[in-house]
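Note sheet for the following structure.
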């Protein structure tokens, strides 16, 4: 019973702190969750159906991993407490993220064939 109370308190404290998060970061968090769900769905599909076009599975899964990594970097850059990226504007960070995603998906489509 003690652990359940602690977990509930932790969840409430997390929810209270997360409510203070800017809307842009919440949107990035939603995208991060989407990439995780997409990657898990691809793994599940591979486990159920098989890996016949293995390069297609790899391209899709690595696209999810790469998208997650780039979005995590974007979230770090946009975080209000990030001292390393104080001088960068939202537009600059977002433009870099878009260019990197274009390169990632260009390589992904090239790998699929």
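In the working numbering, the protein residues as written are 34 to 146.
Just so you know, even glycine gets a beta-carbon here, dropped at the ideal spot from N, CA and C.
Everything numeric in this text was worked out from a predicted model, so none of it was measured.
Collapsed DSSP secondary structure at residue i in the structure displayed
| i | result |
| --- | --- |
| residue 85 | coil |
| residue 39 | helix |
| residue 44 | helix |
| residue 67 | helix |
| residue 50 | helix |
| residue 77 | helix |
Cut-off 7 Å between Cβ atoms - residues of its own chain near residue i, not counting five sequence neighbours on either side
| i | result |
| --- | --- |
| residue 109 | 115 |
Contacting residues, own chain, Cβ-Cβ under 8 Å from residue i (five flanking each side not counted)
| i | result |
| --- | --- |
| residue 61 | 104, 107, 108, 111 |
| residue 58 | 108, 111, 112 |
| residue 142 | 92 |
Where the alpha helix (DSSP H) through residue i begins and ends
| i | result |
| --- | --- |
| residue 141 | 123 to 145 |
Min CB distance residue i to chain C below 8 Å
| i | result |
| --- | --- |
| residue 143 | No chain C is part of this structure, which consists of one protein chain only. |
Close beta carbons around residue i, own chain, < 6 Å, minus the five adjacent residues each side
| i | result |
| --- | --- |
| residue 45 | none |
| residue 86 | none |
| residue 80 | none |
Residue i classed as buried or exposed, judged by whether at least 16 other C-beta atoms fall within 10 angstroms
| i | result |
| --- | --- |
| residue 83 | exposed |
| residue 100 | buried |
| residue 54 | exposed |
Cβ-Cβ separation, residue j to residue i (assumed contact under 8 Å), whole Å
| i | j | result |
| --- | --- | --- |
| residue 144 | residue 92 | 5 Å |
| residue 89 | residue 138 | Contact flag wrong, Cβ pair sits at about 14 Å. |
| residue 94 | residue 72 | 6 Å |
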